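Q: In the working numbering, the protein residues as written are 832 to 1025.
No residue lacks a Cβ here, since even glycine has one placed at the ideal position from N, Cα and C.
As the structure is a prediction and not an experimental result, all values here were calculated from the model.
1. By how many angstroms is the C-alpha of residue 992 removed from the C-alpha of residue 1018?
2. Would you please state the rounded distance, in angstroms, between the beta carbons of residue 980 and residue 971? I believe it to be under 8 Å.
3. Determine which residues share a DSSP beta bridge with residue 1008 and list them.
4. Quick check on the DSSP output: the alpha helix (DSSP H) that includes residue 838 runs from which residue to which?
5. Please report how far the alpha carbon of residue 915 lies from the alpha carbon of residue 860, in whole angstroms.
6. Go ahead and pull the three-state DSSP assignment for residue 859.
7. Under the assumption that residue 843 contacts residue 865 (Cβ atoms under 8 Å), give the Cβ distance between them as a whole number of angstroms.
8. Please identify the residue among 953, 927 and 952 whose C-alpha is closest to the C-alpha of residue 867.
9. Kindly list the residues whose CB is nearer than 7 Å to the CB of residue 949, restricted to its own chain and excluding five residues on each side of it in sequence; keep chain order.
10. Going by other Cβ atoms of all chains shown within 10 Å of its Cβ, with 16 needed for buried, is residue 892 buried or exposed?
11. Pop quiz: residue 884 and residue 875 are said to be a contact at Cβ under 8 Å. What is the actual Cβ separation, rounded to whole angstroms?
12. With distance defined between alpha-carbon atoms, name the residue in 1023, 1012 and 908 nearest to residue 919.
13. Is it true that the CB of residue 836 sits closer than 8 Å to the CB of residue 857?
14. Would you say residue 886 and residue 956 are within 8 Å of each other, going by their C-beta atoms?
15. Since residue 971 is in the alpha helix (DSSP H), which residue starts that stretch and which ends it?
16. By a C-beta neighbour count over all protein chains shown, 10 Å radius and 16 as the cutoff for buried, is residue 889 buried or exposed?
17. Is it right to say residue 923 is buried, meaning 16 or more other beta carbons lie within 10 angstroms of its own, or is it exposed?
18. Residues in the same chain with beta-carbon distance under 7 Å from residue 913, minus the five sequence neighbours each way, listed in chain order, please.
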């Protein structure tokens, strides 16, 4: 969870202005938490308190109304009746990290990752992104090698994790879809040395 929050804050100045280098200051004056941190903390809170994800997401989202939510999520947030809106965006994957730590069996972990996603992101790609991230965290926590994690995620979710960030960086474009951003985030994790 701390890694997700740190990544959110570090990446916040570049959210709509991506850069093509790995050399940049980690924390800047413009660095701040965003909707992704708010929803990550909300996910943990819902798990710890045994409350509905929808209820807690709305409570936290309304407490931090200017955190940078997308337009569909904002509409969902402000309505008591709104159901999921078939999103395939990466918000489901961005908020799921607590699930990777909170559950002890893969079936329960995957079911819970789906539950966190389908509140809003009930498109198969939105669910897949959340499950892939939660599974990678869980496997890492359980001592799996990065190569085992790579192979498992590629095999189960169909994400191509064979390229390096250096190979992807020149042609990469800003992409909020799970299918366009989750594989890149997983590659960053797989290449990380700290």
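A: Taking the coordinates as given:
1. Cα to Cα, residue 1018 sits roughly 6 Å from residue 992.
2. 6 Å
3. Its beta-bridge partners are 920.
4. 833-842
5. 35 Å
6. coil
7. 5 Å
8. Closest by alpha carbon: 927.
9. 915 and 958
10. It counts as buried.
11. About 11 Å separates the two Cβ atoms, so there is no contact after all.
12. 1012
13. No; because the gap between Cβ atoms is not below 8 Å, this pair is not in contact.
14. No; because the gap between Cβ atoms is not below 8 Å, this pair is not in contact.
15. 955-972
16. Burial call: buried.
17. buried
18. Excluding its 5 nearest sequence neighbours in each direction, residue 913 has C-beta neighbours in its own chain below 7 Å: 906 and 907, listed in chain order.
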